[in-house]
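Numbering (the numbering used here), first residue to last: 9 to 423.
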């Protein structure tokens, strides 16, 4: 479980931080009971809270010892350094190592640009340093803006297409990052099925931040709720992201479940509401792993075949082929078209009468010779029968008539 923890939680004499620390300890105890482990992801305020980072590292090591006497099943798996820090990363790591030693795993926050330009921490000889990647599909205006149904589908197709390309920098960093020592990457933030920021529209409407910008991207969300096209492509999108993330240390989905205005879990309600139908009927559910799984969008992690998988897009083979390029029509299909009309020669095909029409009718076709209905075998047998009859008649004629006639013309020779 990845938990975002403000650095004030570990700041001495901070009343709010003290209460947060009590909540954190209780959460870690519950995780211990459930057999889970936690990654504490620190969030800085001023950027210079080095003492708070050191205290968080001490808390992580001491907490493991307190919750597990032999430290064989540490509850705090790792500590993620705050990305808001203005202090050099190597300085922070060296300071933490000086306080708690080399056993605690540390995650260094990285962005996509860091992976492309080369992930460096200055600690190539430290085997317990890893990268914590923040990569989202909704970070720029170009990622989220759309103003028509076809634009919405085209945007999804684009994000599907680029999802698989993330495997390359993840694999490169694992082999050649951190000055050639290798820096394995954990995708810690940004993994969800959203291709817009519509989940923030209702949130920002209740706050004064007003960070949501409406480009028309949320006006047609209802079209996606029961759409077969969006169901298929969201499955594909999830599987492609999963394949890329599995090339590193793993991934963390945006959220496990959603809560309503009363801070109660919608998914656990016993009442029959739209939240229990397995439909993605609001943008926030695209960020909830429980709702994504209930809707059947989460890929199969083990199967290599669609015939044995509940998903059409098993993660292990999701990137073998590009996404289906059908965003122009979406759920619509082309109307059937007529085949080419018959060749009418000098005339034209009349679709009303289903006949060829002519200005000058063509001449009537001549009668073609008929083909004999007798087979070749029958004709051959008839010819053979006739030949035999002629031979028999000729033989009888010679024996009975010709020979008798000759004997009557000659007299016998006397002895």
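Don't be surprised by glycine CBs; every beta carbon is placed ideally from N, CA and C.
Quick caveat: nothing in here was measured; it's all calculated off a predicted structure.
When secondary structure is reduced to three states using DSSP, residue 237 falls in the helix class.
Non-local C-beta neighbours of residue 302 in its own chain, meaning closer than 6 Å and more than five positions away in sequence, comprise 286, ordered along the chain.
By the Cβ criterion, the segment 194 to 204 is in contact with the segment 136 to 156, since at least three pairs of Cβ atoms, one from each stretch, lie closer than 8 Å. Judged by pairs of C-beta atoms under 8 Å, the segment 167 to 178 does not touch the segment 227 to 240, as fewer than three such pairs exist.
Here residue 145 carries a coil assignment [DSSP, helix/strand/coil]. Counting the other CB atoms within 10 Å of its CB gives residue 244 a total of 16 or more, which places it among the buried residues.
Here the alpha carbons of residue 152 and residue 220 stand approximately 11 Å from one another.
Within the same chain, 202, 204, 206, 207, 209, 226 and 229 come within 8 Å of residue 291 by CB-CB distance, once the 5 residues on both sides are set aside. Linking residue 300 to residue 364 through their CA atoms gives a straight-line distance of about 59 Å. Judged by beta-carbon spacing, residue 46 lies beyond the 8 Å limit of residue 89, meaning their Cβ atoms are not closer than that value. Annotation for residue 247: 307, 321, 323 and 326 place their beta carbon closer than 6 Å to its own, counting only its chain and skipping 5 residues before and after. Where residue 87 is concerned, the enclosing beta strand (DSSP E) starts and stops at 84 to 88. Judged by DSSP in its simplified three-state form, residue 95 adopts coil rather than helix or strand. Comparing C-alpha distances from residue 223 to each of 333, 156, 354 and 362 shows the shortest one belongs to 156. When C-alpha distances from residue 253 are compared across 49, 139, 369 and 60, the shortest belongs to 139. The C-beta separation of residue 58 from residue 101 comes to about 11 Å, leaving the pair out of contact by the 8 Å criterion.
Cβ neighbours of residue 148 within its own chain (closer than 6 Å, five residues either side excluded): none. Take the alpha-carbon of residue 103 and the one of residue 328: they are about 45 Å apart.
Per DSSP, the continuous beta strand (DSSP E) segment holding residue 14 begins and ends at 10 to 14. Proximity to residue 82 across 63, 107, 111 and 99 peaks at 111, based on C-alpha coordinates. Closest by C-alpha distance to residue 172, out of 388, 396, 249 and 367, is 249.
Of the residues assessed, residue 165 falls on the buried side of the cut-off, its CB having 16 or more other CB atoms within 10 angstroms.
Here residue 370 carries a coil assignment [DSSP, helix/strand/coil]. Assignment of residue 365 by DSSP, reduced to helix, strand and coil, places it in the strand class. Closest in C-alpha terms to residue 32, from the list 64, 109, 261 and 356, comes 64. Residue 193: member of the beta strand (DSSP E) spanning 193 to 199, first to last residue. No Cβ-Cβ contact shorter than 8 Å links residue 36 with residue 87.
Looking at the DSSP output, residue 263 sits in a beta bridge with 296. Per DSSP, reduced to three states, the secondary structure at residue 49 is strand.
A residue is called buried when at least 16 other Cβ atoms come within 10 angstroms of its Cβ; residue 406 does not meet this threshold and is exposed. Just so you know, the alpha carbons of residue 133 and residue 192 end up roughly 14 Å apart. Here residue 23 is exposed: its Cβ has fewer than 16 other Cβ atoms, across all protein chains shown, within 10 Å. Check the Cα spacing between residue 186 and each of 385, 233 and 115: the tightest is with 115. Look at residue 203 here: in three-state DSSP terms it is coil, with no helix or strand label. Around the beta carbon of residue 304, fewer than 16 other beta carbons lie within 10 angstroms, which makes this residue exposed.
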